[in-house]
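2 protein chains.
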Amino acid sequence: MANTATAEAPKKRIRRSPEEARALILRAAKSRLKAVGPEGLQIKEIAAIAGVTHSTILHHFGSAEDLRISLAEQMVEELLADILAVMETREERDDKVFPDDHTVLFRVFEVLSDDGHARLLAWTMVRGGDLSGAEQTLRASFERIQAGVVMAIKAAAGDMVVKDEVAERHARFIIYLVATTAVGDGIAGPNLAELIGLTGTEATKDFRDWFAARLF
Amino acid sequence: MANTATAEAPKKRIRRSPEEARALILRAAKSRLKAVGPEGLQIKEIAAIAGVTHSTILHHFGSAEDLRISLAEQMVEELLADILAVMETREERDDKVFPDDHTVLFRVFEVLSDDGHARLLAWTMVRGGDLSGAEQTLRASFERIQAGVVMAIKAAAGDMVVKDEVAERHARFIIYLVATTAVGDGIAGPNLAELIGLTGTEATKDFRDWFAARLF
DNA sequence: ATAGTTATCAACATTACTGTTTATAACATA
DNA sequence: TATGTTATAAACAGTAATGTTGATAACTAT
Numbered sequence: 000m001a002n003t004a005t006a007e008a009p010k011k012r013i014r015r016s017p018e019e020a021r022a023l024i025l026r027a028a029k030s031r032l033k034a035v036g037p038e039g040l041q042i043k044e045i046a047a048i049a050g051v052t053h054s055t056i057l058h059h060f061g062s063a064e065d066l067r068i069s070l071a072e073q074m075v076e077e078l079l080a081d082i083l084a085v086m087e088t089r090e091e092r093d094d095k096v097f098p099d100d101h102t103v104l105f106r107v108f109e110v111l112s113d114d115g116h117a118r119l120l121a122w123t124m125v126r127g128g129d130l131s132g133a134e135q136t137l138r139a140s141f142e143r144i145q146a147g148v149v150m151a152i153k154a155a156a157g158d159m160v161v162k163d164e165v166a167e168r169h170a171r172f173i174i175y176l177v178a179t180t181a182v183g184d185g186i187a188g189p190n191l192a193e194l195i196g197l198t199g200t201e202a203t204k205d206f207r208d209w210f211a212a213r214l215f
Numbered sequence: 000m001a002n003t004a005t006a007e008a009p010k011k012r013i014r015r016s017p018e019e020a021r022a023l024i025l026r027a028a029k030s031r032l033k034a035v036g037p038e039g040l041q042i043k044e045i046a047a048i049a050g051v052t053h054s055t056i057l058h059h060f061g062s063a064e065d066l067r068i069s070l071a072e073q074m075v076e077e078l079l080a081d082i083l084a085v086m087e088t089r090e091e092r093d094d095k096v097f098p099d100d101h102t103v104l105f106r107v108f109e110v111l112s113d114d115g116h117a118r119l120l121a122w123t124m125v126r127g128g129d130l131s132g133a134e135q136t137l138r139a140s141f142e143r144i145q146a147g148v149v150m151a152i153k154a155a156a157g158d159m160v161v162k163d164e165v166a167e168r169h170a171r172f173i174i175y176l177v178a179t180t181a182v183g184d185g186i187a188g189p190n191l192a193e194l195i196g197l198t199g200t201e202a203t204k205d206f207r208d209w210f211a212a213r214l215f
């Protein structure tokens, strides 16, 4: 007996555009990655979350590996877009960045290292991705970021004349330092801070203040 | 026809001690991880490299997951041992560390970020390992490192009197900064430097010089 | 309407990865 | 030499993941 004739749910189909479908699937993959880490990236699990079958994923991405590559690229692009948004906000408000106002740096840290962003980024790096697919976007983004930092350097220098190439070089170093630190912080931070003895919630803030004060 | 009686190679056995076998297998796993990333950590691949069968691995480690845990713990311990060795060398030679001599910092960077060490470390972090098995070792190591940095700080301060707790706090920040930077550098460095425009072999050295000069 | 396209699903096929069992070779110890 | 222990291997089993095929529902364009 049991299910006599409950009629095998006809299963209505939602037909999406390829773009919508890909976006939906990538969103599901991302949430899965954040939730359970790289091991959660099996297409059947992702399909279940997205509400589709796994063969739909294969239809849109070709293979499970291709899905992962697309995910990695998309995440890095999103990340940079977020950082750029932070920078633009600063320029609009025409704020001083350093050393009296650390908010921008803080928000960069938040974007890059908090909320699991860095762990996801680490995943993309560790898996050996070269991100060549997103190269154009990335390069353009960094140029804009660099322009912002150069401005900040000149502002911080005040009266002193700063040669363009010196400021530019300085800017590259600063960007590189902030980026690597934020990435490392996001990845190893929780474990590391505890081991070193930087405990308490204010320790994170203190460190970032200390760091910001030494940047320029 | 074909293989008539080429006698199915009797397959001589090498009998190792449990310690040797475990070490051999972990070495193979590590090289595999460095070569092809986390996806390369399947026990059959590892077994092939180690020259044993996969059931031998299961015999010694219990399960594939247990092997990965052992690998993560061993790698972190090795890493810290290497760094400690660098610190001890400095103390023996009684060198100045900063700002006139950057060799120690350079070697820490080398150990932490070059040669794929950081990528392996990132893998241990990303996979959510809490490393509780190696906790004692890690904590002790960091205490010794911190002691070294405190000495360096006081030396750098010269005549000025530095309160112990200030130096200690400063030391923690510096250790944290160097560690996170080195980790981020090791993970994102190659891609990031190229994107930012820090190209050429000397760019790495220049950055590290610039960084070291700003540490104290 | 009609025809063509394709995003979707369901069922099947296949690989690959982990884990199990049994036998034996290598070594230690008495 | 005899006996026990165990590290190793080979073959098998189970399961989970990817990939394939064919049919169809949803949409587009004629």
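Just so you know, the protein sequences line up as chains A and B, in that order. Numbering (numbering that gives the first Met the number 0) for the first sequence: 0 to 215. Numbering (numbering that gives the first Met the number 0) for the second sequence: 0 to 215. The C-beta atom is built at its ideal place from N, Cα and C for all residues, glycine as well.
Query                                                                                                                         : Result
Selection of the segment 153-178 of chain A by Cβ proximity to chain B, strictly under 8 angstroms                            : 171, 172, 174, 175, 176, 178
Cβ pair residue 72/B, residue 20/B closer than 8 angstroms                                                                    : no
Whole-angstrom distance between residue 139/A and residue 40/A, CA atom to CA atom                                            : 30 angstroms
With 16 other Cβ atoms within 10 Å as the buried cut-off, status of residue 184/B                                             : buried
Beta-carbon spacing of residue 56/A, residue 47/A below 8 angstroms                                                           : no
CA nearest to the CA of residue 62/A, picked from 43/A, 186/A, 80/A, 174/A                                                    : 43/A
Three CB pairs or more closer than 8 angstroms across the segment 169-189 of chain A and the segment 186-199 of chain B       : yes
Chain A within 8 angstroms of residue 150/B, Cβ atoms only                                                                    : no
Sub-8 angstroms separation of residue 137/A and residue 83/A beta-carbons                                                     : no
Residue range of the alpha helix (DSSP H) that includes residue 57/B                                                          : 53-60
Check whether residue 118/A and residue 125/B have beta carbons under 8 angstroms apart                                       : yes
Simplified DSSP assignment, three categories, for residue 160/A                                                               : coil
Below-8 angstroms beta-carbon distance, residue 180/B vs any chain A residue                                                  : yes
Residue environment, residue 13/B, which counts as buried when at least 16 other CB atoms sit within 10 Å                     : exposed
Proximal residues of chain A, C-beta to C-beta of residue 184/B below 7 angstroms                                             : 179
Terminal residues of the alpha helix (DSSP H) in which residue 25/B lies                                                      : 17-35
Backbone CA spacing between residue 86/A and residue 179/B [nearest angstrom]                                                 : 23 angstroms
Residue environment, residue 37/B, which counts as buried when at least 16 other CB atoms sit within 10 Å                     : buried
Coil, strand or helix - residue 11/A by DSSP                                                                                  : coil
Residue 106/A - containing alpha helix (DSSP H), residue span                                                                 : 102-112
For residue 121/A and residue 186/B, the rounded distance between their alpha carbons                                         : 7 angstroms
Any C-beta of chain A under 8 angstroms from that of residue 199/B                                                            : no
Three-state class that DSSP yields for residue 210/B in the structure shown                                                   : helix
Integer Cβ distance of residue 23/A from residue 15/A, believed to fall under 8 angstroms                                     : 7 angstroms
Cutoff 7 angstroms; reference residue 107/A; Cβ partners in own chain excluding five residues on either side                  : 82, 85, 177, 181
Beta carbon of residue 207/A nearer than 8 angstroms to that of residue 141/A                                                 : no
Which listed residue (25/B, 143/B, 212/B, 189/B) has its alpha carbon closest to that of residue 53/B                         : 25/B
Contacts of residue 37/B in chain A (Cβ-Cβ under 8 angstroms)                                                                 : 37, 125, 126
Simplified DSSP assignment, three categories, for residue 215/B                                                               : coil
Sequence-distant residues of the same chain with beta carbon closer than 7 angstroms to residue 149/B, five excluded per side : 166, 167, 170
Beta carbon proximity, residue 191/B to chain A, threshold 8 angstroms                                                        : yes
Host alpha helix (DSSP H) of residue 123/A (start-end)                                                                        : 116-125
Same chain, Cβ closer than 8 angstroms to residue 202/A, five either side skipped, listed in chain order                      : 192
DSSP state of residue 50/B mapped onto helix, strand, coil                                                                    : coil
Buried versus exposed call for residue 0/B [16 or more other C-beta atoms within 10 Å across all chains shown]                : Caution is warranted here: a pLDDT of 42 is assigned to residue 0/B, below 50, making its placement in the model unreliable, and the coordinate value is therefore given only provisionally. Per the 10 Å Cβ criterion, exposed.
Buried or exposed (CB count within 10 angstroms, at least 16 for buried), residue 88/A                                        : exposed
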